[in-house]
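J.:
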Amino acid sequence: MRLFTALDLASEHKRLLSSLRRPIAGVTWHPPETYHLTLRFIGDIRSRPMMEELDHTLAAITTTPVQIEPSGVGIATQGTRSRLWAGVAPSSSLMTLQGKIDTALRRCGLVLEKKRFMPHITLGVFDGDPGAEVIRWIQGNNLMRGKPVVTEHFVLFRSHRGGDTPHYETCAEYALTPSALPPLEAWSF
-5 MRLFTALDLA SEHKRLLSSL RRPIAGVTWH PPETYHLTLR FIGDIRSRPM
45 MEELDHTLAA ITTTPVQIEP SGVGIATQGT RSRLWAGVAP SSSLMTLQGK
95 IDTALRRCGL VLEKKRFMPH ITLGVFDGDP GAEVIRWIQG NNLMRGKPVV
145 TEHFVLFRSH RGGDTPHYET CAEYALTPSA LPPLEAWSF
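Laid out in structure tokens, this is it:
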């Protein structure tokens, strides 16, 4: 299974980001229901014991709820493929969660990519160099800003390959808020 952790987006953010889509030659826009903020790409996990360890380790992560605030747009290029993305303001709660996920995955023995975390949401893809239409789209949307929305869980997604339109399946959702401690009088000393 090809897995990654992510934050699902609130419907108001999906509406805002889908409103940025325009017909641009060569750009394939992702459907709004696939919009998410990737926290860490995990890769292919083929062993059931590893999957169970991964699930147990991710479920143990606790932190404060995370604020998501879309902010600006841009391009990321990898090889001949480019992505149009919406940025996300890097709140301390977001950066803390991402760091805890990385630590948890390393504890499971996974080797992670050594690239800096840049919070973003992929909106569409295209091949080749950005043309004038893409540049105009970026210039027209680079001041976009969404209202901050707080989320209290993160998701383990499975990615299905094939075609320009992504397909993701939710494997598990993990609550961020820590369990409450029992009242002090219940503690035994």
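The numbering of the sequence shown is our numbering, which starts it at -5 and goes up by one. For each residue, glycine too, the CB sits at the ideal point set by N, CA and C. It should be emphasised that the depicted structure is a prediction, and the values quoted were computed from it without experimental measurement.
(1) With a threshold of 16 other CB atoms inside 10 Å of the CB of Arg76, please say whether the residue is buried or exposed.
(2) Should Trp79 and His30 be called a contact, given that it needs their Cβ atoms to be closer than 8 Å?
(3) Between the Cα of Gly20 and those of Glu6, Leu14, Gly140 and Glu127, spot the shortest distance and give me the residue it belongs to.
(4) Could you tell me if the beta carbon of Ile69 falls within a distance shorter than 7 Å of some heavy atom in the ligand GDP?
(5) Exposed or buried, Ala98, counting other C-beta atoms within 10 Å across all chains shown (16 or more means buried)?
(6) Taking all protein chains shown into account, decide if Gln133 is buried (16 or more other Cβ within 10 angstroms of its Cβ) or exposed.
(7) Rounding to the nearest angstrom, what Cα-Cα distance links Phe183 and Thr58 in this structure?
(8) Can you grab the Cα-Cα spacing for the pair Lys108 / Arg101, in whole Å?
(9) Between which two residues does the beta strand (DSSP E) harbouring Ile115 extend?
(10) Could you say which of Leu33, Ala54 and Pro64 lies nearest to Ser5 if we only look at CA atoms?
(11) With Leu10 as the anchor, note down where its alpha helix (DSSP H) starts and where it stops.
(12) Does the count of Cβ pairs from the region 42 to 50 and the region 82 to 95 closer than 8 Å reach three?
(13) For the candidate residues Leu150, Lys94 and Tyr168, whose alpha-carbon lies nearest to that of Asp38?
(14) Hey, could you find the ends of the beta strand (DSSP E) Arg(-4) is sitting in?
(15) Can you tell me which of the three DSSP states Pro43 falls into?
(16) For the beta strand (DSSP E) holding Glu163, just list the boundary residues, first then last.
(17) Starting from the Cα of Trp131, find the closest Cα among Arg9, Lys8, Ile18 and Arg(-4) and give me that residue.
(18) Cα separation between Arg(-4) and His154?
T.: Once the coordinates are examined:
(1) Within the sequence shown, residue 76 is the residue found at index 82, counting from 1. It should be pointed out that residue 76 corresponds to Ser in this sequence rather than to Arg. Buried, since its Cβ has 16 or more Cβ neighbours within 10 Å.
(2) The residue labelled residue 79 in the question sits at position 85 within the sequence shown. The residue labelled residue 30 in the question sits at position 36 within the sequence shown. No, the pair does not count as a contact, with Cβ atoms beyond the cut-off.
(3) Translated into positions along the sequence shown, residue 20 becomes position 26. Comparing Cα positions, the closest option is Glu127.
(4) Of ligands this structure carries none, so the ligand GDP is not represented either.
(5) Translated into positions along the sequence shown, residue 98 becomes position 104. Ala98 should be labelled buried.
(6) Here residue 133 refers to the residue found at position 139 when the sequence shown is read from its first residue. Gln133 is exposed by the Cβ-count criterion.
(7) By 1-based counting over the sequence shown, the position of residue 183 is 189. By 1-based counting over the sequence shown, the position of residue 58 is 64. Because Phe183 carries a pLDDT of 47, less than 50, the predicted location of this residue cannot be relied on, and the following value inherits that uncertainty. The straight-line gap from Cα to Cα measures roughly 29 Å.
(8) Position 114 of the sequence shown holds residue 108. Position 107 of the sequence shown holds residue 101. Counting only the Cα atoms, Arg101 lies some 16 Å from Lys108.
(9) Taking the first residue of the sequence shown as 1, we reach residue 115 at position 121. From DSSP, the beta strand (DSSP E) with Ile115 extends over His114 to Asp121.
(10) In the sequence shown, counting from the first residue as 1, residue 5 sits at position 11. With distances taken between Cα atoms, Ser5 lies closest to Pro64.
(11) By 1-based counting over the sequence shown, the position of residue 10 is 16. Element bounds for Leu10: Ser5 to Ser12.
(12) no
(13) Position 44 of the sequence shown, counted from the first residue, corresponds to residue 38. When each option's Cα is compared against that of Asp38, the closest is Leu150.
(14) Here the question's residue -4 lines up with position 2 in the sequence shown. Arg(-4) to Asp2 is the span of the beta strand (DSSP E), which, as asked, contains Arg(-4).
(15) In the sequence shown, the residue the question calls residue 43 occupies position 49. In the structure shown, Pro43 sits in a helix (DSSP, three-state: H, G or I).
(16) The residue you call residue 163 lines up with position 169 of the sequence shown. Here the beta strand (DSSP E) through Glu163 covers His161 to Ala169.
(17) The sequence position of residue 131 within the sequence shown is 137, counting from 1. Checked all of Arg9, Lys8, Ile18 and Arg(-4); the closest Cα to Trp131 is Ile18.
(18) Locating residue -4 in the sequence shown gives position 2, counting from the first residue. Locating residue 154 in the sequence shown gives position 160, counting from the first residue. Arg(-4) and His154: Cα-Cα distance of roughly 7 Å.
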